[in-house]
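In this note's numbering, the protein residues as written are 1033 to 1352.
We put the beta carbon where it would ideally sit given N, CA and C, even for glycine.
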Amino acid sequence: MVRLSNTSNNVFGIDFAPAIWNASGAWCMTPEELHDLGKSKSGAILIKSTTKEPREGNLKPRYFETKLGSINSMGLPNLGPKVYCDLIPALRAYGKPVMASISGMKPEDNLPICTAYMDAGIDSLEINLSCPNIVGKPQVAFDFETSRKILTEVKAISGKTPVGVKLPPYPDPIFNTQMADIIKETKIDYVVCINSVPHTCIIDADSEEFAIKNKFGGLGGEYVKPVALGQVRRFYELLEGKIPVIGCGGITNGRDALEHFLAGASAVQIGTQLMKETPLVFERIERELAQELQRKGVSLREVIGRAKPRENQIEKMRNY
Ligand code: RRO
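Shown next, in the form of structure tokens:
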């Protein structure tokens, strides 16, 4: 008898087994890295955010890891649509979904990149409106009119190909409400949150240096898990569980992944921990998640959004 594993899920019409894959940007820029994802236990292959022309990205050092996470100011280095599209047939041979991330430098760049990926047989389009690292270029997801226009235009040409949107952490829920309205109105198929936490700094007190050349960068890893859970939950509630949310941020083990599912994620992505641990991370996190779920006697599909408010006061905190 075929049994659906307890870590798999069908999300936006696609089966993911497991419902865990890479965050765009992590281990997915070169053909070698993309093949590594294909050979790994990742549930999908998500390609690095792609611009209309290939880009070198920002000056190095532009990525730095600490015990609690990472900071990056990569600046959208990517090989451009042609290289990635030509790779798609070979990547599809791994038998898992192959998905694109699109990040036009100008709003009008997004459509030709999407068209190229669709012609090449891509399984989904993740529109990245939240790259934090192009100096002087604000994150599009804070410009609601431009976001609406881009998403409307992409949906008009995407046919049956699912379209997602990658979002930044919003500092006030009014922004989540505004973006959720746009997502519903434009019939976007899924939401990915969060991108890295923007304009952060890490400083080494001994050398008195910033961790990266650009000083400011996007923060990921354990530092950001509560931020990510807050955004996942906000969108889960605002979208009423009808439009899937993909959780990303601070997942280092199966228990972290479970927290994302409890918050409302239908699948999760791994960024910093993938960079730290190589694509072997997927096998470990899936095994740990399966154990967590087995202990509860449920599948991940049953725990989505199940987190509830605490009822009992903790004695130590009785005066607060
Ligand atoms: O390339 C980057 O600097 C980058 C991108 Br496009 C993104 O979406 N998020 C991030 O942390 N870095």
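Residue i Cβ short of 7 Å to ligand 1 heavy atom set
i            : result
residue 1106 : yes
residue 1008 : In this structure the chain extends from 1033 to 1352, so residue 1008 is not present and cannot be described.
residue 1179 : no
residue 1113 : no
residue 1165 : yes
residue 1072 : no
residue 1142 : no
residue 1054 : no
residue 1281 : no
residue 1296 : no
residue 1190 : no
residue 1162 : yes
residue 1286 : no
residue 1057 : yes
residue 1250 : yes
residue 1040 : no
residue 1081 : yes
Proximity of residue i and residue j at Cβ, strictly below 8 Å
i            : j            : result
residue 1281 : residue 1257 : yes
residue 1148 : residue 1117 : yes
residue 1186 : residue 1178 : no
residue 1303 : residue 1132 : no
residue 1089 : residue 1106 : yes
residue 979  : residue 1141 : In the structure displayed, the chain extends from 1033 to 1352; residue 979 sits before or after that span and is not available.
residue 1338 : residue 1294 : yes
residue 1053 : residue 1307 : no
residue 1073 : residue 1318 : yes
residue 1223 : residue 1301 : no
residue 1197 : residue 1161 : yes
Residue i classed as buried or exposed, judged by whether at least 16 other C-beta atoms fall within 10 angstroms
i            : result
residue 1087 : buried
residue 1235 : exposed
residue 1209 : exposed
residue 1349 : exposed
residue 1158 : buried
residue 1345 : exposed
residue 1114 : exposed
residue 1034 : Legend: pLDDT at residue 1034 = 40, less than 50; position of this residue unreliable, value from coordinates given subsequently. Exposed, by the Cβ-count rule.
Collapsed DSSP secondary structure at residue i in the structure displayed
i            : result
residue 1318 : helix
residue 1222 : strand
residue 1095 : strand
residue 1327 : helix
residue 1113 : helix
residue 1241 : strand
residue 1230 : strand
residue 1343 : coil
residue 1271 : coil
residue 1250 : strand
residue 1070 : helix
residue 1048 : strand
residue 1034 : Unreliable positioning characterises residue 1034 in this predicted model, as indicated by a pLDDT of 40, which lies under 50. The coordinate reading is nonetheless provided below. In this structure, residue 1034 counts as coil in the three-state DSSP scheme.
residue 1262 : helix
residue 1304 : helix
residue 1296 : coil
CB contact below 8 Å: residue i versus chain D
i            : result
residue 1213 : The structure shown contains no chain D; it holds only a single protein chain.
I'd like the ranges of any alpha helix (DSSP H) spanning at least 4 consecutive residues and lying wholly in the region 1131-1213. As far as the region 1131-1213 is concerned, its whole alpha helix (DSSP H) runs of at least 4 residues are 1142-1151, 1176-1189.
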